[in-house]
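For the sequence shown, my numbering assigns the number 89 to the initial residue and increments by one for each residue that follows. Glycine included, each C-beta is placed from N, C-alpha and C at the ideal position. Here the structure is laid out as structure tokens; the discussion comes afterwards.
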Amino acid sequence: MEQELNNTVNQMPRIGDIAPDFEAVTTKGNIKLSEYAKDKWIVLFSHPADFTPVCTTEMSGFAQRKSEFDALNTELIGLSIDSIHAHLAWVNNVRENTGVYFDFPIIADIDMKVSKLYGMLQPNESETAAVRAVFFIDPNKKIRLVMYYPLNVGRNMDEILRSLKALQVSDKNGVALPLNWVEGEKVIVPPPKNLEEMQERIDGDYEEKVDFYLVKKSL
Ligand code: BEZ
């Protein structure tokens, strides 16, 4: 029985998995993930608790940069193990205090169902609050990138948006993105998988070439 509970709590969807489906109550009505935001990317993220300081800065960050997620064809879904009443009160309180409005659904995961499904509940960090997770889910509902942060360290909104952009640029152009890549910089031609591709990298007229396995080009 204890083993069963641990398995449920420790389930962690991995990169490449289809995002586990769920139905949930949110601040924007009920959501069933498999039917939500068809043909769009989804950034599903958790925060430990409403009315706490780091979480307030993070949620405000998502809200203030929502237009950038919109421009990347991406819907935001927040989550915490709080009631819908707490969510509504917090949304209203932050709006009254700062003018920032959390205009995206926030899941009230009071029964911890979604948190457990997504490995957001990590008992050695907290048995009652979700860690700061971010799941990047593509339009095929496949998980493409996962971030987990502890309770006491806020995330970096530039990095979340950069990662999302990088995934989309990689998909569209069949390229990889190097360390610290940001939009406009050169991208990496994927390493060769056979001798023919290796020769193509050796002979090709690329803008930057360290060797056949590290070749960059502009888009
Ligand atoms: C915070 O958001 O400030 C916070 C939430 C839970 C635990 C620690 C910090």
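Three-state secondary structure (DSSP) of residue i
i    : result
N118 : strand
A125 : coil
I172 : helix
S306 : coil
L283 : helix
I198 : coil
E296 : strand
S148 : helix
L265 : coil
F190 : coil
V277 : strand
K229 : coil
A254 : helix
M100 : coil
Anticipated Cβ contact below 8 Å, residue i with residue j, distance rounded
i    : j    : result
K274 : K304 : 4 Å
L255 : L233 : 6 Å
L205 : Q99  : 6 Å
Y236 : A221 : 5 Å
S134 : L167 : 4 Å
I44  : P193 : No answer is possible for residue 44: the residues shown for the chain start at 89 and end at 307.
L265 : E156 : With 8 Å as the limit, L265 and E156 do not qualify as a contact, their Cβ atoms being about 18 Å apart.
V188 : T115 : In fact, because the Cβ distance is near 14 Å, the residues do not count as touching under 8 Å.
Close beta carbons around residue i, own chain, < 8 Å, minus the five adjacent residues each side
i    : result
N261 : V275, L307
D291 : none
E288 : P280
S122 : D109, K229
Beta-carbon contacts of residue i that lie in its chain and below 6 Å, excluding the five residues immediately before and after
i    : result
E163 : A125, K128, I130
N244 : none
Own chain, CB closer than 7 Å to residue i, minus 5 neighbours either side, in chain order
i    : result
I106 : K229, K230
N95  : Caution applies to N95, whose pLDDT of 47 falls short of 50 and renders its modelled position unreliable; the value that the coordinates give is listed next. Correct list: empty, nothing qualifies.
S258 : A264, L265
C143 : H135, P136, A137
Any chain E beta carbon closer than 8 Å to residue i
i    : result
K120 : Absent from the structure is chain E; it holds one protein chain and no more.
Problem - Below 6 Å from a heavy atom of ligand 1 - residues by beta-carbon - result: P136, A137, T140, P141, V142, C143, A217, L239, N240
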